[in-house]
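Here the protein sequences line up with chains A and B, keeping their order.
Under the numbering used here, the first residue of the first sequence is numbered 1, with each subsequent residue one higher.
Under the numbering used here, the first residue of the second sequence is numbered 1001, with each subsequent residue one higher.
By construction, the Cβ of each residue, glycine as well, lies at the ideal position given by its N, Cα and C atoms.
Taking it in order: structure first as structure tokens, then the write-up.
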Amino acid sequence: MSTDVITLPGAQTTVEMRRPLVDTLHEWVTTVDHKKLGLMYILYALVFLLIGGVEATIMRIQLSAPHKDFVSPQVFNRMFTMHGTTMIFFVAMPLVFGLANYLVPLMIGTRDMAFPRLNAFSFWLSAFGGLLLYFSLIGANGLYGAGNAPDVGWFAYAPLTSHSFSVGHSTDFWTLSLLVSGFGSIGTAINIIVTILCLRCPGMKLGKMPLFVWLNLVMAGLVILAVSPLSAAQIMLSIDRYLGGHFFDTQAGGSAVIWMHFFWIFGHPEVYVLVIPAFAVACEVIPVFSRKAIFGYPVMVAATIAIAFIGMSVWAHHMFTVGMSSNANTFFVLSTMAVAVPTGIKIFNWLATMWGGKIDFKTPMLFCAGFLFQFLLAGLTGIMMSAAPFDWQLGNSYFVVAHFHYVIVGGILFCLFAAFYYWFPKMSGRMYNEPLGKLHFWLFLIGFHLTFDFMHIPGMLGMPRRIYTYEPGRGWDTWNLIVSIGVVFQAAGILVFAANLIWSYFRGKIAGNDPWDAWTLEWTTSSPPPAYNFAAIPSVKSRRPLWDLKHPEDPDWKYE
Amino acid sequence: MQSTRNISAKLPLFKALAALLLLASSCLLAQSPTFSSPTNIFAPASTPAKSIFGLSLFVLVITGAIFVVVASLLAYAVVKFRKRKNDDSSEPAQVYGSNQVEIAWTVIPILIVVVLFMATARVIANVQKAAPDNAVHITVIGHQFWWEYQYPGLKVVTANELHVPVGYPTEIKLLSADTDHSFWVPRLAGKTDLIPNHPNVMWIDPQEPGLFLGQCAQYCGTQHAKMLLRVYVEPRTEFDHWIQQQSQPAQSSDTVSEGQRIFEATACVNCHAVAGTPARGRFGPDLTHLMSRHTIAAGIAENNHENLRLWVQDPSRLKPGSLMPAMGLNEHALNALTAYLETLR
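Set out below in structure tokens:
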């Protein structure tokens, strides 16, 4: 297969010239190449993943037993604020954007994103957003209680963010960092949409795009719809804090509830912004390792669009305890339950894709199998909480914390791990170490279930979230200890993962163009792809151009 | 070489079995006493909590059934359609989809959603209705980091320990003096938030006497964790007696006049009220009948001499981040002040 790739002059130097480090750095900082930017997104997210993980570990040590004194309440409150903000905005979002950036142009057979400079600009905005958040640790010195990091929670309910309750500058750093990275997200989203709509290779109609591309198109649309209100709310909050506005300042007649609406009209679609790209990964990995075409391609596209569409109308299910009218509560029950239908359809289609296949449980497929079970359970606990009265008990308890970690870790992160292992050979040119990959999977699976299965129980026994300590005698002690023990396994899994990536980058077997015998266009070019991606722009006749190439007697385009 | 391969091929199956065993044992563990809790949402003692409990069982059964069916199908696919060692390299049959099955797994979930939705809508209407006319009316005001309870019309103001009659409905109006809070006593009702400029109402009708615990369930600042709720549900006569006792002004006692003088001459009165004295502060808990309460500092410590003295001396020792400042009293003044507080019965 590698002989098919024509090497242009200057693309690959056979004689390795040792360039000065500063030249390499300069090249990375000034690059507008979608692949380099994609990798930078991913590396930057992995660094923040470690930081967010340390913050989670600090919280779990503190909560491993009642009345523990590992950290002060002030530090604990900063930890959960920073953990949530970091994991959503500076781990999950950049990972999703990094994958989209790297893979979308390759999958649609083009040479770069539509706006390479906007792409670089968006990345650096997001990157500086993250730095701004963590600069609060040294820059936001304030009075006692003002803290040196935000401590208002990741959804920063008013009026805790007003000057009366948040002295000093920690909230300002939080606001500005989300505003800056939010503009980066919107820029990237526009870029992804334009790239997909305008730069597809000959023959690739919308209905012939790989599902990964379709789902990222939907994700990018959602980003624009979701991040804009968040940015607006951040500007309003800054006006409140510095220009005497009273949008959310309840002491001057402002509304705390308006902030909730603004935040959750961002916050809930944001869940789909993160989970749809995770679905996108599953839509590539599951067919390739089951050796079957995806089952029900048009239904998968329709279900994704339905999720995005309905997902825009469910935000107030985060507010069932706020005291909305019974009519409003009933509406949001219905819309929230309705999302379960297209989501269920997707699970069934993946199941049908595996059905009758020859499933090869390499590490990416293991993670996708874990994803299917865990996402099923996460969806079902979601249905429990969509029943508003049940949510009056479960909302804001550890049950909710367990539920959304099931979605974000058990669903999204498992798929992202699958993506790492699946595309690592393409990105680095080398295979990862398979036994280490499997060890990572099993360690992380055990840790995940110890932590997040058992976390549901204290929630049902009345333990609210965001408490830095708890009373003995509530029946929460044992469960919290088990939850904390799970962290050890998860951390071990992450260390194995990091070691695997680093070792394989230098010592892994050479991967070749197409190590998985896969079907989409990124596997036609060399690993890693040259700067121009394709020597000649490919043209396609079906959703699986490489299947057609490998099975000229039975090509897909005959059936689609 | 051949045998090691065999073992490693069976390993995932072993792990799956081990995982199943773990799951089963954790289910058994669920029956053990570690599962009992004074704040268990599955032990309701009041109509709203019971309605929710009924709905939650219904939802749990349906979602449980869905889980069993779909997870079994998934598990079957994972085991049955694994690549075998003796597989040739041929590709399996390519199936692109089927409209019939797509319609089936669209329609069935829609039917389930309709059923769940209707059951839920009924319970919403049942719980979110006005309390009966004979209800006791209470106003709860959330403060950083304690609860103020007012009994309008009964001239009672107290803090942190709520008293309600058993067998009668109680309508609770929820207000906030500062940030968002949430009133959650799981065995009596679901939680409802206390939001500034956004009055809320909920109701309970406890059906058994006793002490019901809960705590603030909406992050409200540094000491959100130590904003505990205690609801004393008592027979009507005891409740009426308690109301009668709480509506009295404080009894003055000459033996503690020095402590009273210190209380009224320092900043204490800026925040605390003692009915029948010049102390009329409203920022902190009403202390008129302080000693009738079992706990101090929003339920975090027993109300005894040592704790009370420690609290007055330096509240941040018990509750770092509490808004009550340390008054910097000397030993003598501290003892006198504590003695005065201990007469507020």
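- B/SER1046 is outside the set of residues whose beta carbon lies under 9 Å from a beta carbon in chain A.
- The contact set of B/ARG1082 on chain A, defined by CB atoms closer than 7 Å, consists of ILE359 and PHE361 in chain order.
- Under the criterion of beta carbons closer than 8 Å, A/CYS368 and A/ILE286 qualify as touching, at roughly 5 Å.
- Residues of chain B whose Cβ lies closer than 9 Å to the Cβ of A/VAL257 are, in chain order, ILE1195, ASN1197 and HIS1198.
- Residue contact with chain B for A/MET59: absent (no Cβ-Cβ distance below 9 Å to any residue of chain B).
- The region 396-403 of chain A makes no contact with the region 1121-1139 of chain B: fewer than 3 CB pairs, one atom from each, lie closer than 8 Å.
- Distances from the alpha-carbon of A/ILE345 to those of B/VAL1101, B/VAL1256, B/ALA1065 and B/SER1051 put B/VAL1101 closest.
- Residues of chain A with a Cβ closer than 8 Å to the Cβ of B/ILE1052 are, in chain order, PRO389, PHE390, TRP392 and GLN393.
- With its beta carbon at least 9 Å from every one in chain A, B/ALA1298 lies outside the interface.
- Non-local beta-carbon contacts of B/SER1247 in its own chain, meaning distances under 8 Å to residues more than five positions away in sequence, involve LEU1154, LYS1155 and VAL1156 in chain order.
- Of all residues in the region 318-343 of chain A, the ones placed with a Cβ closer than 7 Å to any Cβ belonging to chain B are THR321, VAL322, GLY323, SER326, ASN329, THR330, VAL333, LEU334, MET337, ALA338, ALA340 and VAL341, in chain order.
- Note on geometry: alpha-carbon atoms of B/ALA1297 and B/PRO1315 lie some 9 Å from one another.
- The alpha helix (DSSP H) runs of length 4 or more contained entirely in the region 439-518 of chain A are, from start to end of the chain, 477-507.
- Within chain B, the C-beta atoms nearer than 9 Å to that of A/ALA293 come from GLN1094, VAL1095, TYR1096 and GLY1097, in chain order.
- Look at B/TRP1147 here: in three-state DSSP terms it is strand.
- For the region 309-341 of chain A, not one full-length alpha helix (DSSP H) segment reaches 4 residues or more.
- Separation of the CB atoms of B/THR1039 and A/LEU461 is rounded to 6 Å, and the pair is thereby assigned contact status at 8 Å.
- Not one beta carbon of chain B lies nearer than 9 Å to the beta carbon of A/ASP172.
- Straight-line measurement puts the Cα of B/VAL1166 at about 35 Å from the Cα of A/HIS403.
- Taking the C-beta atoms as reference points, B/ARG1282 is found nearer than 9 Å to B/ALA1273.
- Within 8 Å of the CB of A/LEU43, no CB atom of chain B is found; the nearest one sits about 32 Å away.
- Between the C-alpha atoms of A/GLU522 and A/ILE294 there is a straight-line separation of about 18 Å.
- Annotation: B/GLN1223 to B/GLN1207 spans about 32 Å, alpha carbon to alpha carbon.
- Here B/LEU1116 is not near B/VAL1069, since their CB atoms are 9 Å or more apart.
- If you compare the alpha carbons of A/LEU99, A/HIS551 and A/PHE332 with that of A/TRP519, the shortest gap goes to A/HIS551.
- Between B/GLY1284 and chain A, the shortest Cβ-Cβ separation is not below 9 Å.
- Selection B/LYS1085, B/PHE1081 and B/ILE1103 evaluated against B/ALA1093 yields B/PHE1081 as nearest (Cα-Cα).
- Under the 9 Å criterion on CB atoms, B/LYS1085 is classed as non-interfacial with respect to chain A.
- With at least 16 other beta carbons inside 10 angstroms of its own, A/GLU284 counts as buried.
- Shown here, B/ILE1300 sits in coil according to DSSP, grouped into three states, outside any helix or strand.
- Along the length of the region 197-278 of chain A, whole alpha helix (DSSP H) runs at least 4 residues long occupy 211-242, reported in chain order.
- Rounded to whole angstroms, the gap between the alpha carbons of B/LEU1228 and A/GLY52 is 29 Å.
- Taking a contact to require three or more Cβ pairs closer than 8 Å, the region 29-42 of chain A and the region 119-134 of chain A qualify as touching.
- By alpha-carbon distance to B/THR1255, the top candidate from B/ASN1335, B/CYS1220, B/TRP1311 and B/ARG1236 is B/ASN1335.
- In the structure shown, B/GLY1210 falls within a strand segment according to DSSP collapsed to helix, strand and coil.
- In this structure, the CA atom of A/PRO538 is about 10 Å from the CA atom of A/MET204.
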